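Everything in the sequence shown is counted per our numbering, starting at 50 for the first residue and increasing by one.
A virtual CB, placed ideally from N, CA and C, is assigned to each residue, including glycine.
The structure presented is a predicted model; accordingly, all values stated were derived computationally and were not measured.
Data block below; observations after.
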Amino acid sequence: MDALSKELHDFLCRLGEYPEQVSDKLQGYTQALLQLLTPADELLIKGRYGILGSTKESMAQLANRFNTDENTVEAVLQQCLRKIAITPEWQDIKALTQLKAIRLK
C-alpha cells in the first residue's frame with residue numbers, strides 16, 4: 050500500500066472505530082468522496098471499514114457477499130483506496146483532519 054492510500058486507510062479505520070470523533074461535516078465529505086466510486090465499490094469500502102452507517106465486515110464476509118474470494122476483495126479494496134487517495138477531494142479532507150489535529154494540541 051502506498052503512502053497516500055495508507056493515509057486514507059488510517060482515516061477510514063478511525064472513522065469506523067470512532068465515528069463520534071469525526072464531525073458530521075467531515076462525514077459528509079467522506080460520503081461524497083466515496084461516491085466517486087462505483088456503487089458496488091462504495092459498498093465494499095463502507096462494509097470493510099464499518100463507516101457511514103454500515104456494519105464492519107471481515108474479508109471472508111465481503112467475499113461471500115460479493116460472490117468472490119478474499120484475494121479479489123483485497124485487490125479491489127486496494128484499487129479503490131488508490132483511486133480516491135489521489136483525488137483533490139481526499140486532499141481537502143486530509144487537510145481538514147490535519148488542521149483539527151493541530152488545534153487539539
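Whether residue i touches residue j by CB criterion (8 Å)
i: residue 133; j: residue 78; result: no
i: residue 86; j: residue 97; result: no
i: residue 139; j: residue 57; result: yes
i: residue 64; j: residue 100; result: yes
i: residue 131; j: residue 73; result: no
i: residue 135; j: residue 53; result: yes
Same chain, Cβ closer than 6 Å to residue i, neighbours up to 5 away in sequence not counted
i: residue 108; result: 119, 122
i: residue 128; result: none
Buried versus exposed, by CB contacts within 10 Å (16 or more), residue i
i: residue 94; result: buried
i: residue 91; result: buried
i: residue 151; result: At residue 151 the pLDDT is 41, less than 50, meaning the model places this residue with poor confidence and gives no usable figure here.
Simplified DSSP assignment, three categories, for residue i
i: residue 60; result: helix
i: residue 51; result: coil
i: residue 102; result: coil
i: residue 156; result: Outside the displayed range of the chain (50 to 154) lies residue 156, so it cannot be described from this structure.
Contact set for residue i: own chain, Cβ-Cβ below 8 Å, skip 5 residues either direction
i: residue 103; result: 92, 95, 96
i: residue 105; result: 65, 96, 97, 98, 99
i: residue 62; result: 98
Close beta carbons around residue i, own chain, < 7 Å, minus the five adjacent residues each side
i: residue 153; result: Unreliable positioning characterises residue 153 in this predicted model, as indicated by a pLDDT of 40, which lies under 50. A coordinate reading is not provided.
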